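Since the structure comes first, as structure tokens, the remarks are kept for the end.
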Amino acid sequence: MTTTAPTASPKLGIAGALTRATITSPLTLLFLLAAFAVGLMALAAIPREEEPQISVPMVDVRLMAPGLSADETVEAVTRPIEIALKGLDGVEHVYSRSEDDGALVTARFEVGTNPEAAIVRVQQKLREPGIAPAALGSEPQVTVKGIDDVPVLVVTLTADPAVRDRWSDAALYQVAGDLKAEIAKIDGVGSSFVVGGRPLELRVAPDPARLAAYGVPLPSLVDAVQSAARAMPLGAAAASGQSQDTTMGSRLTGVGDVAALSVRSVTGAPVLVGDVADVSLTPRDDAVRAWAIRKSGEGAAASWQSSPTVAIAFAKRPGTNAVVITSAVREAISRAEGTLVPVGLRAEIVRDYGATANEKANELLFHLGLATLSIVVLIFLAIGRREAVVTLVVIPTTILLTLFAAHLMGYTINRVSLFALIFAIGILVDDAIVVIENIARHWNMSGGRSRIDAAVDAVAEVGNPTIVATLTVVVALLPMMFVSGLMGPYMAPIPANASAAMVFSFFVAVVVAPWLMVLVAPRGAAAALAQHHDSEGLLGRLYRKVATPVIA
40 MTTTAPTASP KLGIAGALTR ATITSPLTLL FLLAAFAVGL MALAAIPREE
90 EPQISVPMVD VRLMAPGLSA DETVEAVTRP IEIALKGLDG VEHVYSRSED
140 DGALVTARFE VGTNPEAAIV RVQQKLREPG IAPAALGSEP QVTVKGIDDV
190 PVLVVTLTAD PAVRDRWSDA ALYQVAGDLK AEIAKIDGVG SSFVVGGRPL
240 ELRVAPDPAR LAAYGVPLPS LVDAVQSAAR AMPLGAAAAS GQSQDTTMGS
290 RLTGVGDVAA LSVRSVTGAP VLVGDVADVS LTPRDDAVRA WAIRKSGEGA
340 AASWQSSPTV AIAFAKRPGT NAVVITSAVR EAISRAEGTL VPVGLRAEIV
390 RDYGATANEK ANELLFHLGL ATLSIVVLIF LAIGRREAVV TLVVIPTTIL
440 LTLFAAHLMG YTINRVSLFA LIFAIGILVD DAIVVIENIA RHWNMSGGRS
490 RIDAAVDAVA EVGNPTIVAT LTVVVALLPM MFVSGLMGPY MAPIPANASA
540 AMVFSFFVAV VVAPWLMVLV APRGAAAALA QHHDSEGLLG RLYRKVATPV
590 IA
């Protein structure tokens with residue numbers, strides 16, 4: 040099989056001009072090294088998580104309505120708030136729960152709404168006259184929840200079987216509070232909360248018989264406790280050349296202070312709170328309690344033992360790396376064992392979002408590398424050794440540039456974004472293969488051209504079709520970014536990353552691939568390439584046998 044040189048060189052076009060400007064330029068090597076550098080930095084810095092982050096703000100409005108039943112709360116409180124929130128711009132759904140003495144109304148905003156803007160809209164609406172009933176016991180409590188409030192790590196505190204009788208749920212709650220406050224100091228840790236356990240509260244239980252015996256009305260006892268628990272700053276007082284802050288009232292520090300309070304009786308006789316009521320520091324009754332159940336023994340002697348437990352959940356701040364955050368929290372918990380977490384308590388990690396996200400990201404990165412090597416091996420078997428070497432450089436360069444672009448666009452490494460890269464490998468390698476094979480074909484042609492001129496002509500010949508093919512894929516993928524609802528932001532990494540990969544693959548194919556072909560081509564390349572390409576090979580012979588009867 041013989042080939043003849045074309046009668047005229049094709050117009051360079053965009054692709055040919057890029058190749059002509061970079062094929063002998065030392066800046067091409069710098070571009071290649073810079074691409075690897077920024078890509079590797081992006082790979083190390085980009086946050087890792089299992090799922091893409093979606094902004095779906097949900098604003099909770101909690102209202103207290105003392106003395107109202109659930110039915111009365113619906114008419115007087117819940118319904119006016121629901122109507123007001125439904126009229127807000129961006130609100131998609133409104134949910135409510137009415138109960139005795141209060142209600143909870145939740146407004147779910149549209150996907151992509153800024154959480155800060157959502158809570159400001161709700162607060163402004165509640166301040167309008169006639170929205171929130173004036174007779175409520177307190178101001179409405181407005182809080183916003185989103186995807187970043189989902190815990191990334193949960194740790195449980197449970198007493199060892201040998202000492203579980205010495206640890207109550209109230210004691211566990213106090214330890215959990217100290218541990219939560221310590222871990223909250225870590226950079227990147229967001230909201231946290233405790234599930235289980237019972238906080239301590241100061242309880243004053245009036246005794247009707249003693250109240251009657253001492254002649255103390257119940258309202259007098261209530262007023263005495265409430266007024267004594269208040270302290271008001273009066274400012275600074277100067278004495279002996281020194282200034283000291285002064286307060287009016289007293290601060291109660293314990294059970295004894297409350298029991299020693301004076302109460303007015305109908306006879307005027309001095310009566311103390313401890314004379315007419317039982318004062319104690321006890322766990323609160325309305326808190327959620329949790330239990331850990333473990334099996335001890337085997338066979339017929341096996342039994343199940345339960346002990347109180349407390350769970351502490353930690354979320355991460357928006358845009359932070361879940362892997363880094365959970366690793367730092369784990370280290371903080373390990374340091375706290377024996378100090379904040381006393382000996383005899385188990386601090387067990389029952390959920391680690393960062394570890395699972397890192398594991399899945401590493402698994403997908405492994406498959407990404409495996410897919411790259413598979414393509415390189417296929418090109419080595421089908422085209423040649425030099426073409427495989429060039430492809431081995433081109434694909435990682437394109438992927439690293441895509442990761443850098445994803446980091447700039449605010450995307451994270453998750454299962455969807457990595458799927459986009461794996462999906463894009465099969466099409467981003469097309470540009471490089473077309474350019475590489477056409478360069479090899481032009482080097483095989485006679486005509487007295489240098490390798491550089493032949494490479495430029497080869498790129499120019501396929502430049503316009505390559506541009507059209509690249510833009511066709513991009514145009515086909517981009518509409519996926521405009522899908523409405525939850526699926527739009529969730530699937531957005533696919534069109535964004537795949538489109539970026541296609542654009543980068545074109546520039547790498549017309550800039551890096553020709554430069555690498557010239558670099559790896561042996562001296563006297565014309566004869567060597569002619570010998571290689573004059574032979575049809577196994578695939579060529581197979582194609583000729585199949586195609587000849589069809590065409591003829």
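Under our numbering, think of the first position of the sequence shown as 40, with each following residue one higher.
The beta carbon of each residue, even a glycine, is placed where N, CA and C say it ideally should be.
Please read all numbers here as calculations on a predicted model, not as lab measurements.
Inter-residue spacing [alpha-carbon to alpha-carbon] between residue i and residue j
i	j	result
Y529	G185	15 Å
A564	T505	Bear in mind that a pLDDT of 47 at A564, under 50, signals an unreliable position, so the number given afterwards is only what the model happens to contain. Each residue's alpha carbon lies about 26 Å from the other.
G78	L439	4 Å
Q570	A560	Any answer about Q570 is weak, because its pLDDT of 46 lies below 50 and its placement is not dependable; what the coordinates show is given next. Their Cα atoms are separated by approximately 14 Å.
I491	R59	8 Å
A537	I434	13 Å
D246	P258	13 Å
S456	I225	28 Å
K50	A361	52 Å
V255	K219	43 Å
V150	G129	9 Å
Q213	T197	13 Å
V380	A386	8 Å
T437	A445	12 Å
N477	F148	54 Å
L447	P119	44 Å
S413	R488	35 Å
V432	L404	17 Å
S345	A329	10 Å
A350	F75	44 Å
L165	P105	19 Å
Exposure label - residue i; buried when at least 16 CB within 10 Å
i	result
M484	buried
E155	exposed
A539	buried
D496	buried
M541	buried
Y450	buried
G579	exposed
R136	exposed
E88	buried
K584	exposed
A463	buried
G236	buried
I122	exposed
L568	A caution first: L568 carries a pLDDT of 49, below 50, which makes its placement in the model unreliable, though a value can still be read off. When all chains shown are included, L568 counts as buried.
G465	exposed
For residue i, three-class secondary structure by DSSP
i	result
L239	strand
R424	helix
E167	coil
R147	strand
L442	helix
V234	strand
K399	helix
G393	helix
S346	strand
P518	helix
W330	strand
Y134	strand
S64	coil
E594	No information on residue 594 is available, as it lies outside the stretch 40 to 591 that the chain covers here.
D140	coil
D188	helix
L72	helix
V255	coil
G307	coil
A244	strand
I225	coil
Integer Cβ distance of residue i from residue j, believed to fall under 8 Å
i	j	result
L192	T365	5 Å
V30	K125	Since the first and last residues shown for the chain are 40 and 591, residue 30 lies out of range.
V98	V181	6 Å
P86	G358	7 Å
V294	V302	Actually they are not in contact, since the Cβ atoms of V294 and V302 sit about 16 Å apart, beyond 8 Å.
G383	V202	4 Å
A400	I452	5 Å
Checklist entry - How about the region 239-257 and the region 309-326: do they share at least three Cβ pairs that are nearer than 8 Å? => result Contact between the region 239-257 and the region 309-326 is present, with at least three C-beta pairs closer than 8 Å.
Next on the checklist: Measuring CB atoms only, is the region 492-505 touching the region 426-441, in the sense that at least three cross pairs come out at less than 8 Å?
Outcome noted: Judged by Cβ distances under 8 Å, the region 492-505 makes no contact with the region 426-441, as fewer than three pairs qualify.
Checklist entry - Per the contact definition of three or more C-beta pairs closer than 8 Å, is the region 222-231 in contact with the region 201-212? => result Contact between the region 201-212 and the region 222-231 is absent, with fewer than three C-beta pairs closer than 8 Å.
Checklist entry - Does the region 137-147 touch the region 100-119, meaning 3 or more C-beta pairs lie closer than 8 Å? => result When C-beta atoms of the region 100-119 are compared with those of the region 137-147, three or more pairs fall below 8 Å, so the two segments count as touching.
Checklist entry - Pairing CB atoms from the region 467-477 with CB atoms from the region 504-524, are three or more of them under 8 Å? => result Contact holds between the region 467-477 and the region 504-524, because three or more Cβ pairs, one in each stretch, are under 8 Å apart.
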